[in-house]
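*Asks:* The structure that follows is given in the form of structure tokens.
Residue numbers (the working numbering), protein chains in the order written: chain A, -4 to 261; chain B, 25 to 401.
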């Protein structure tokens, strides 16, 4: 289909509004000049600089570990919650549980962060890697549940019943018949959780402790002292990682959808 | 086969459903239902949607637990036994094939759970594939098969474990008419060969009549009648069954008098009608008379009375108002002089039907008292 002139114009404007700042950031990360706003020709200088910045690399490694761990925990917990909600029948408090699940999605991060901080202080937990990971898990498991639940909803219940009919105990039926059909959406949920955790600044800054700054925290504190071109470089790398993760997540989600459709031939 | 309630190839009692009840909230899906199914029998549960037939089937499979009553398989109460521990398998309405597994692995799924040796699984899968004629498609995934092929995979998968009882939930609902008819015949042949008891749930009465030894007609959670297909059609037990199974003309009336083996009934729609009478209804009883459309003949002047039949046939005068040509037969709507409508179906036995009537023609509709069924109102 050919776009009309008007649609083309609004599409261009809309995308420009969304992506122009990012494009500028990416271009300036290859700037040879030390001044952020002055173009001095192409160079990979700031990427080399970045490799020598141990504090920044530590923060990146910290962020990666937090994201991977919390995403994995969120994938397991979120899937279990989704299964309970869509397969558990109408147990008592189901509506409440299902409503509460969406609360963290709309809750201001400042409140989530502050409440977690209060909790960690109250139980006297040493703040660092684990507290950030737990905080991110609470935030991201809801996203996993939403993604997995919608897939379970579309999935024909009788496939699981067929497995039971053919000799599987209920748990085995889930593992053998349902899990192979929903894993792409669990993977999509994992990657969404990973990306969310990697991006988060507010909750992490509330729940982290000394010596365990995540990448966004590190960047934010550096920028307060003035934007270095090196920051542009690390941001470009983050954008690349998140883009790849999101593309894989949506591909997995699409795969899961086509599988679910072929599971219900009617 | 005229009336006795027998079933072909029936052996000992296999399944006894004893006063089983199932409620969903305030709705009673299955209402104190009792039924016996014999070993080797092909039994059909027939009824309109929402009558509880699928709920009953799901209780036999173990997906629903009855609220009351017992389900005895070989004398053992299985009402509380989980689905995977029952010697019963089910073929699902939408087949419920595992989309991530090949045809062979779908069929082998239940055998693997039994822990059979690899060699035996392979042999059993090959046997099943041959049984449902799927040779050459073993490696395909379900979404690479046609609807008819998927249906056969589902059947093979359900039969692979050699269940004592096979449950089929609307197994042919998704097939087109031609394929459905040939599949029905195949299913019957298969069932006779294996000797496994089949219980099929269907809302398609033609399907139930074709395949089943006995049919249980369900309505609102209860069995209205359990009988052979012929008996169900020719001798329905209730007015509801008569109207649900096949087409029927229903004449309401009051018994006037008894005349030997005959009842003379004053009907509201057709005046005095003579029917062959069972013993129960006596004079002044309010009854209704059911006559199947193909039992009613039409002619211009009515039949020529033979000595034996003199005065024995019912004759009703009317006008043809509507003609439905169906190929093998033609359905005529006849408006009686009283205003009531009667349907008569006549087989088109000759290529050029010399007896074809036209709309507006005066005809005599006549039928034998023996072809009437007397039912309670």
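Every residue, glycine too, gets a C-beta built ideally from N, C-alpha and C.
Starting from the C-beta of residue 250 of chain A, find all residues in its chain whose C-beta is less than 8 Å away, skip the five residues before and the five after it, and write them out in chain order.
*Replies:* As a first step, residue 250 of chain A must be located in the first chain, where it is residue number 255. Contacts found: 179.
*Asks:* Determine whether the beta carbon atoms of residue 121 of chain B and residue 113 of chain B lie at a separation below 7 Å.
*Replies:* Within the second chain, residue 121 of chain B is the residue found at index 97, counting from 1. Within the second chain, residue 113 of chain B is the residue found at index 89, counting from 1. In this structure, residue 113 of chain B does not lie closer than 7 Å to residue 121 of chain B by Cβ.
*Asks:* For chain A, check one thing: does any of its Cβ atoms lie closer than 7 Å to the Cβ of residue 188 of chain B?
*Replies:* Translated into positions along the second chain, residue 188 of chain B becomes position 164. Closer than 7 Å: no.
*Asks:* Taking any Cβ of chain A, which residues in the segment 85 to 118 of chain B have a Cβ under 7 Å from it, in chain order?
*Replies:* Listed in sequence order: 85, 87, 107, 108, 113, 114, 116, 118.
*Asks:* Applying the 10 Å Cβ sphere with the 16-neighbour rule, what's the burial state of residue 97 of chain A?
*Replies:* For this step, residue 97 of chain A is matched to residue 102 along the first chain. Residue 97 of chain A should be labelled exposed.
*Asks:* Do we get a CB-CB distance below 7 Å when we pair residue 154 of chain A with the residues of chain B?
*Replies:* In the first chain, the residue the question calls residue 154 of chain A occupies position 159. Yes, because at least one Cβ of chain B sits closer than 7 Å to the Cβ of residue 154 of chain A.
*Asks:* Can you tell me where the beta strand (DSSP E) holding residue 53 of chain B begins and where it ends?
*Replies:* Translated into the one-based positions of the second chain, residue 53 of chain B becomes position 29. Element bounds for residue 53 of chain B: 51 to 62.
*Asks:* Can you name the residues of chain B whose CB is closer than 8 Å to the CB of residue 147 of chain A?
*Replies:* Here the question's residue 147 of chain A lines up with position 152 in the first chain. Simply none; closest approach about 15 Å.
*Asks:* Mind listing the chain B neighbours of residue 176 of chain A? Cutoff is C-beta to C-beta under 8 Å, in chain order.
*Replies:* As a first step, residue 176 of chain A is located in the first chain; it is residue number 181 there, counting from the start. Under the 8 Å cutoff, chain B gives 123, 124.
*Asks:* Which chain A residues sit within Cβ distance under 7 Å of residue 137 of chain B?
*Replies:* Here residue 137 of chain B corresponds to residue number 113 of the second chain, with the count starting at 1. What residue 137 of chain B touches in chain A: 161, 162, 163.
*Asks:* Take the Cβ of residue 154 of chain A as the centre, count every other Cβ of all protein chains shown within 10 Å, and call the residue buried at 16 or more, exposed below.
*Replies:* For the purposes of this step, residue 154 of chain A is taken as the residue at position 159 of the first chain. Residue 154 of chain A comes out buried.
*Asks:* Does residue 32 of chain B come within less than 7 Å of chain A when only Cβ atoms are used?
*Replies:* For the purposes of this step, residue 32 of chain B is identified with residue 8 of the second chain, where counting begins at 1. Legend: pLDDT at residue 32 of chain B = 45, less than 50; position of this residue unreliable, value from coordinates given subsequently. No - not a single Cβ of chain A is within 7 Å of the one on residue 32 of chain B.
*Asks:* Quick one: is residue 208 of chain A near chain B, going by C-beta distance under 7 Å?
*Replies:* Within the first chain, residue 208 of chain A is the residue found at index 213, counting from 1. It does not; no Cβ of chain B falls within 7 Å.
*Asks:* Could you tell me which residues DSSP puts in a beta bridge with residue 312 of chain B?
*Replies:* Your numbering for residue 312 of chain B matches position 288 in the second chain. In the DSSP output, where bridge partners are listed per residue, residue 312 of chain B has B:276, B:399.
*Asks:* Once the 5 residues before and after residue 63 of chain A are set aside, which same chain residues still bring their CB inside 7 Å of it?
*Replies:* Residue numbering aside, residue 63 of chain A sits at position 68 when the first chain is read from its first letter. These residues qualify, in order along the chain: 189.
*Asks:* Note down, in chain order, all residues in the segment 278 to 305 of chain B with a beta-carbon under 9 Å from any beta-carbon belonging to chain A.
*Replies:* Cβ contacts with chain A come from no residue of the segment 278 to 305 of chain B.
*Asks:* Going along chain B, which residues have a C-beta under 7 Å from residue 79 of chain A?
*Replies:* Counting from 1 along the first chain, the entry for residue 79 of chain A is found at position 84. Here the premise fails: no neighbours, minimum Cβ distance about 19 Å.
*Asks:* Does DSSP put residue 370 of chain B in a helix, a strand or coil?
*Replies:* The count along the second chain starts at 1 and reaches residue 370 of chain B at position 346. In this structure, residue 370 of chain B counts as strand in the three-state DSSP scheme.
*Asks:* Could you tell me which whole alpha helix (DSSP H) segments of length 4 or greater appear in the segment 124 to 183 of chain B?
*Replies:* Complete alpha helix (DSSP H) runs here, min 4: 127 to 138, 142 to 155, 171 to 183.
*Asks:* Starting from the Cα of residue 102 of chain A, find the closest Cα among A:75, A:137, A:126 and give me that residue.
*Replies:* Counted from its first residue, the first chain places residue 102 of chain A at position 107. That would be A:137, whose Cα lies nearest to the Cα of residue 102 of chain A.
*Asks:* State the DSSP-derived secondary structure class of residue 118 of chain A, mapped to helix, strand or coil.
*Replies:* Stepping through the first chain from its first residue, residue 118 of chain A is reached at position 123. In the structure shown, residue 118 of chain A sits in coil (DSSP, three-state: anything other than H, G, I, E or B).
*Asks:* Looking at chain A, is there any beta carbon in it that lies within less than 7 Å of the beta carbon of residue 120 of chain B?
*Replies:* The residue you call residue 120 of chain B lines up with position 96 of the second chain. At least one chain A Cβ lies under 7 Å of residue 120 of chain B.
*Asks:* Out of curiosity, what's the CA-to-CA distance linking residue 94 of chain A and residue 144 of chain A?
*Replies:* Position 99 of the first chain holds residue 94 of chain A. Position 149 of the first chain holds residue 144 of chain A. If I take the Cα positions, the gap works out to 13 Å.
*Asks:* Which chain A residues sit within Cβ distance under 7 Å of residue 134 of chain B?
*Replies:* By 1-based counting over the second chain, the position of residue 134 of chain B is 110. Simply 161, 162.
*Asks:* With C-beta atoms as the reference, is residue 176 of chain A less than 7 Å away from residue 150 of chain A?
*Replies:* Translated into positions along the first chain, residue 176 of chain A becomes position 181. Translated into positions along the first chain, residue 150 of chain A becomes position 155. It is a contact, given that the beta carbons lie within the stated cut-off.
*Asks:* Could you pull out every unbroken beta strand (DSSP E) segment of at least 3 residues lying fully inside the segment 240 to 305 of chain B, listed in chain order?
*Replies:* Those beta strand (DSSP E) runs which fall completely within the segment 240 to 305 of chain B and span 3+ residues are 246 to 251, 273 to 283, 286 to 291, 295 to 300.
*Asks:* Between which two residues does the beta strand (DSSP E) containing residue 383 of chain B stretch?
*Replies:* Within the second chain, numbered from 1, the residue matching residue 383 of chain B stands at position 359. No beta strand (DSSP E) contains residue 383 of chain B, which DSSP labels as neither H nor E.
*Asks:* Shortest alpha-carbon distance to residue 41 of chain A belongs to which of A:33, A:26, A:35?
*Replies:* Locating residue 41 of chain A in the first chain gives position 46, where the first residue counts as 1. Answer by Cα proximity: A:26.
*Asks:* Kindly indicate which three-state DSSP category residue 118 of chain B falls into: helix, strand or coil?
*Replies:* Numbered from 1 along the second chain, position 94 holds the residue referred to as residue 118 of chain B. DSSP places residue 118 of chain B in coil when its eight states are reduced to three.
*Asks:* Using three-state DSSP, classify residue 34 of chain A as helix, strand or coil.
*Replies:* If you number the first chain from 1, residue 34 of chain A lands on position 39. Of the three classes helix, strand and coil, the one that applies to residue 34 of chain A here is coil, per DSSP.
*Asks:* Is the Cβ-Cβ distance between residue 327 of chain B and residue 264 of chain B less than 7 Å?
*Replies:* Taking the first residue of the second chain as 1, we reach residue 327 of chain B at position 303. Taking the first residue of the second chain as 1, we reach residue 264 of chain B at position 240. No.
*Asks:* Give me the residue from A:212, A:205, A:183 with the minimum Cα distance to residue 195 of chain A.
*Replies:* By 1-based counting over the first chain, the position of residue 195 of chain A is 200. Cα-wise, what sits closest to residue 195 of chain A is A:212.
*Asks:* Might you give, ordered along the chain, the residues of its own chain that have their beta carbon closer than 6 Å to the beta carbon of residue 71 of chain A, omitting 5 neighbours on each side?
*Replies:* Within the first chain, the letter at position 76 stands for residue 71 of chain A. Nothing listed; no residue qualifies.
*Asks:* Are the beta-carbon atoms of residue 358 of chain B and residue 348 of chain B separated by less than 7 Å?
*Replies:* Within the second chain, numbered from 1, the residue matching residue 358 of chain B stands at position 334. Within the second chain, numbered from 1, the residue matching residue 348 of chain B stands at position 324. Cβ distance not < 7 Å, so residue 358 of chain B and residue 348 of chain B don't count as in contact.
*Asks:* Spatial neighbours of residue 75 of chain B within its chain, please: CB distance less than 8 Å, with the 5 preceding and 5 following residues excluded, ordered by chain position.
*Replies:* Here the question's residue 75 of chain B lines up with position 51 in the second chain. Cβ neighbours of residue 75 of chain B beyond the five flanking positions: 242, 243, 244, 245.
*Asks:* Beta-carbon within less than 6 Å of residue 340 of chain B's beta-carbon, same chain only, minus the 5 sequence neighbours each way: which residues are those?
*Replies:* Taking the first residue of the second chain as position 1, residue 340 of chain B is located at position 316. So the qualifying residues of the chain are 294, 360, 389.
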